[in-house]
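Peer 1: This is the structure, below, for whatever I ask next.
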Amino acid sequence: MKTISSLGNVEEFMQCAEMWAQYTSQHFGLKEIDSFLGNVLQQMAPNRLYEQHYHELQVIVDKIVSNAQDVHGILALDNFLPMLDLFQKETIKLEVSKNVLTSYRNATAGDSAIISDPIVTNALMYISRVLNDSVNALTGEDERRQISSLICHFIRKVDFGRDFEQQLAFYVEARSVLSNLDSALSTLIHSVNRLATSTRRIVKGQHTQKTAAFVKACAAYCFITIPSIIDVRTRMELYLQSGQVALLNGCLQHADSCFEAALNLIPEMPRTVETDGKVQSTEGFIKTFVVNFLSTLVIVPVG
């Protein structure tokens, strides 16, 4: 690596760095990888030279992440996010970000490893924001589904253990960053409902003043977030589920608000919806929903 760093010609340096990236990632530790990325940054920063070497930089990032022995360690390196910041062209930054998140999913899909390091969380949130911000009315359904899948995988991997307040704070931040994707918002709401249910389980249904306030905050989070979702059917399901969780935790006012909002959405439900190019009737969904809704109302306290 010292030999590569001593090359005076930028073109020669980038050719060698591109070839060296995979070997560095596979056979060296995090300290050496961070040093390698730092050398690349040092060469590229002057006079915005990185604008002439986007392809080589993209190959370097891809090789480092896809061949990493410790993908979480790579994401936490001092020089990793500054490397991503070199990609000023939006289309290339999007492609690089998607590749990084895909490599992360591939590396962690089959294990039970979680993310509890705030540095790693912030790095993945930064990358997810790039993907989220690229989604608009012109984004194709396949592209939207792919991006949603990558981001939802990241959301599910974040786990701060018994620090439920930090967990909820992460969900609050994620909501502000990932507002363009129904699937991401839905995953966040499901996660917050699980958090409230876990809180109840830990206190064995006997809430203290602190835990009662916490589950109310969870219920409020869900109620505030659901209207941001475009799909009516998803909103109805989430209002019902959130109301049930709120009811379980004794948050009767929040539960009542969720049930009322779900009920008011029934007239807005279209008679047919298009799913994967096929038109389907919503009659079956409405019947099932109403049965579940009425079953829940049976246990709602009167008064």
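At the far end of the sequence shown sits residue 514, using my numbering, and the numbering has no gaps. By construction, the Cβ of each residue, glycine as well, lies at the ideal position given by its N, Cα and C atoms.
#1: Excluding the 5 residues flanking H364 on each side, which residues of the same chain have their C-beta closer than 6 Å to its C-beta?
#2: Among N290, M447, G461 and Y382, whose alpha-carbon lies nearest the alpha-carbon of L474?
#3: Within a Cβ cutoff of 7 Å, which residues of the same chain sit near V517, ignoring the five residues on either side of it in sequence?
#4: Report the CB separation of R340 from V383 in whole angstroms; it is logged as a contact under 8 Å.
#5: Going by the beta-carbon positions, is the gap between I330 and I285 smaller than 8 Å?
#6: At 4 residues or longer, what runs of the alpha helix (DSSP H) sit wholly inside the region 461-511?
#7: Does the CB of S397 have a neighbour CB from chain D at under 8 Å?
#8: Measuring alpha carbon to alpha carbon, tell me which of F425, V403 and N460 ends up nearest C433.
#9: Could you tell me the boundaries of the alpha helix (DSSP H) in which F425 lies?
#10: Between the Cα of P512 and those of N503, G461 and C469, spot the shortest distance and give me the residue it belongs to.
#11: Does the contact criterion of 3 or more C-beta pairs under 8 Å hold for the region 386-401 versus the region 368-378?
#12: With a CB to CB cut of under 6 Å and the five nearest residues on each side skipped, what residues in its chain are close to S345?
#13: Out of curiosity, what's the CA-to-CA distance linking A430 and K309?
#14: What ranges does the alpha helix (DSSP H) occupy inside the region 300-380, keeping only unbroken runs of at least 4 residues that lie completely in it?
#15: Output the distance between the C-alpha atoms of Q226 and V414, rounded to the nearest integer angstrom.
#16: What distance in whole Å lies between the Cβ atoms of I366 and L399, which are believed to be in contact at a cut-off of 8 Å?
#17: Looking only at its chain, what residues have a beta carbon closer than 8 Å to the beta carbon of V282, apart from the 5 residues adjacent to it on each side?
#18: Is it buried or exposed, T235, if we count other Cβ atoms within 10 angstroms and call 16 or more buried?
#19: Alpha helix (DSSP H) containing G454: first to last residue?
Peer 2: The short version:
#1: By 1-based counting over the sequence shown, the position of residue 364 is 153. Cβ within range, chain order: R316.
#2: Within the sequence shown, numbered from 1, the residue matching residue 474 stands at position 263. That would be M447, whose Cα lies nearest to the Cα of L474.
#3: Because the chain in this structure spans residues 212 to 514, residue 517 falls outside the shown range and cannot be described.
#4: Here residue 340 refers to the residue found at position 129 when the sequence shown is read from its first residue. Here residue 383 refers to the residue found at position 172 when the sequence shown is read from its first residue. The Cβ separation is near 15 Å, so there is no contact.
#5: Residue numbering aside, residue 330 sits at position 119 when the sequence shown is read from its first letter. Residue numbering aside, residue 285 sits at position 74 when the sequence shown is read from its first letter. Not closer than 8 Å, so no.
#6: Counting only unbroken stretches of 4 or more residues, the alpha helix (DSSP H) elements lying wholly within the region 461-511 are 463-476 and 494-508, in sequence order.
#7: No chain D is present in this structure, which holds just one protein chain.
#8: Along the sequence shown, read from residue 1 onward, the residue named residue 433 stands at position 222. Nearest option by C-alpha distance: V403.
#9: Start at 1 with the first residue of the sequence shown, and residue 425 comes out as number 214. From DSSP, the alpha helix (DSSP H) with F425 extends over Q420 to T436.
#10: As a working note, residue 512 is residue 301 in the sequence shown. Taking each of N503, G461 and C469 in turn and checking the Cα distance to P512, the smallest one comes out for G461.
#11: Touching, no, given that fewer than three Cβ pairs across the two stretches are closer than 8 Å.
#12: Along the sequence shown, read from residue 1 onward, the residue named residue 345 stands at position 134. For S345, the CB contacts under 6 Å within the same chain, skipping 5 residues up- and downstream, are L305 in chain order.
#13: Along the sequence shown, one-based indexing puts residue 430 at 219. Along the sequence shown, one-based indexing puts residue 309 at 98. In this structure, the CA atom of A430 is about 32 Å from the CA atom of K309.
#14: Along the region 300-380, the alpha helix (DSSP H) occurs as fully enclosed runs of 4 or more residues at 301-319, 329-344 and 352-368, listed in sequence order.
#15: Position 15 of the sequence shown, counted from the first residue, corresponds to residue 226. Position 203 of the sequence shown, counted from the first residue, corresponds to residue 414. Taking the straight line joining both Cα atoms gives about 59 Å.
#16: Taking the sequence shown and counting its residues from 1, the one referred to as residue 399 is at position 188. Taking the sequence shown and counting its residues from 1, the one referred to as residue 366 is at position 155. The Cβ separation is near 6 Å, so the contact holds.
#17: Locating residue 282 in the sequence shown gives position 71, counting from the first residue. The answer, listed in chain order, is V276, S314, Y315, A318 and T319.
#18: As a first step, residue 235 is located in the sequence shown; it is residue number 24 there, counting from the start. Label assigned to T235: buried.
#19: In the sequence shown, residue 454 corresponds to position 243, counting from 1. Here the alpha helix (DSSP H) through G454 covers V443 to L459.
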